[in-house]
Amino acid sequence: MFVLKQGWASLFGGLLLGAIMLSRTIWSADWPLARYDALFVFALLVQAVFLWKGLETWDEARVILLFHLTGTAMEWFKVAAGSWTYPEPGFFKVMSVPLFSGFMYASVGSYIARVIRIFDMRFAPYPPFWLTVAFAAAIYVNFFAHHFLPDIRIALFVLSVVIFGRTRVSFRISERRWWMPMPVTAVLVSLALWIAENVGTLSGTWLYAGHAGRHVVNWGKLGAWYLLLYVAFVTVTIASRSALGRAPAPARSEQTA
0 MFVLKQGWAS LFGGLLLGAI MLSRTIWSAD WPLARYDALF VFALLVQAVF LWKGLETWDE
60 ARVILLFHLT GTAMEWFKVA AGSWTYPEPG FFKVMSVPLF SGFMYASVGS YIARVIRIFD
120 MRFAPYPPFW LTVAFAAAIY VNFFAHHFLP DIRIALFVLS VVIFGRTRVS FRISERRWWM
180 PMPVTAVLVS LALWIAENVG TLSGTWLYAG HAGRHVVNWG KLGAWYLLLY VAFVTVTIAS
240 RSALGRAPAP ARSEQTA
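At position 212 of the sequence shown the residue is numbered 211 (numbering that gives the first Met the number 0), and the sequence of numbers has no breaks.
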């Protein structure tokens, strides 16, 4: 049941990843529609269906859009800095970045918003909200600043444990509630995202600097996903504040996952 619910929560990302792999297999350069543009149209349709069918609420969609925009801004910067490239042509491409790429970030936001609802998640004791926003902002700024200034990600890893180490992520499976420490949850989700990125990278949809073909994403990207996950989570909690609690979660009816 846990795996099935996780799969349902990550539906947006799963559909987009499936489209990336399928299009890579069947697409021809002679077709009138570029593959990147087809992926952009597909992502727009999926988002529209999610809202139409109530798989996402409008409040969730607004904060997911915010993460979508911050992710796209980071894509523009990273591509300009030479961290990675999108080698294929496309009409819906701005500053060398195809617009479907923003939906890859949106799919992470969609997963977080949906998994909170689907698992009836509670986060307690949750740190002061202003502190989590400041922490997420520091992570986001470091993704840009480390190109010019010392990289502080080690300090950010330590801070993630200091700030969220006491926070329990409580979730429901059937009639029983379980919990795990929030940093452990973040590591597990980051590992899943790292695996998904490897699947996408092997399709050649984007290329990292120094790699001309398919390759495995290095383990350092796992740390980047871990930190970016906190940015996504804090962004989504703008619309999901009801799941956050300052008091410690009761342990008597829960089991450790």
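The beta carbon of each residue, even a glycine, is placed where N, CA and C say it ideally should be.
Is it right to say residue i is buried, meaning 16 or more other beta carbons lie within 10 angstroms of its own, or is it exposed?
i: residue 42; result: buried
i: residue 267; result: The question about residue 267 has no answer, for the chain in this structure spans 0 to 256.
i: residue 215; result: exposed
i: residue 176; result: buried
i: residue 181; result: buried
i: residue 291; result: It is not possible to answer for residue 291, since the shown part of the chain is limited to 0 through 256.
i: residue 146; result: exposed
What residues in its chain sit with their C-beta under 6 Å from that of residue i, if we drop five residues either side in the sequence?
i: residue 71; result: 101
i: residue 113; result: 8
Among the residues of its own chain, which have a CB less than 7 Å from the CB of residue i, if the five just before and after it don't count?
i: residue 232; result: 111
i: residue 65; result: 234
i: residue 189; result: 221, 224, 225, 228
i: residue 206; result: 83, 84, 86
What are the boundary residues of the alpha helix (DSSP H) that residue i is part of?
i: residue 169; result: Not the alpha helix (DSSP H): residue 169 falls in the beta strand (DSSP E), residues 167–172.
i: residue 0; result: Segment: none, residue 0 is in no alpha helix (DSSP H) and carries neither H nor E.
i: residue 60; result: 57–79
i: residue 152; result: 152–163
Between the Cα of residue i and the Cα atoms of the options, which residue gives the shortest distance?
i: residue 90; options: 34, 163, 155; result: 34
i: residue 220; options: 60, 67, 83; result: 83
i: residue 260; options: 169, 184, 181; result: Past the boundaries of the shown model lies residue 260; the chain is included only from 0 to 256, so the question cannot be answered.
i: residue 166; options: 149, 175, 121, 207; result: 121
i: residue 139; options: 99, 230, 67, 199; result: 230
The ligand PLP and residue i: does the residue's C-beta get closer than 6 Å to at least one heavy atom of that ligand?
i: residue 167; result: For the structure depicted, the ligand PLP is absent and the ligand set is empty, with no information on it obtainable.
Starting from residue i and walking both ways along the beta strand (DSSP E), at which residues does that stretch end?
i: residue 180; result: 175–180
Got a sec? Which residues, its chain only, sit under 8 Å from residue i by beta carbon, not counting five neighbours each side?
i: residue 251; result: Bear in mind that a pLDDT of 48 at residue 251, under 50, signals an unreliable position, so the number given afterwards is only what the model happens to contain. Cβ neighbours of residue 251 beyond the five flanking positions: none.
i: residue 161; result: none
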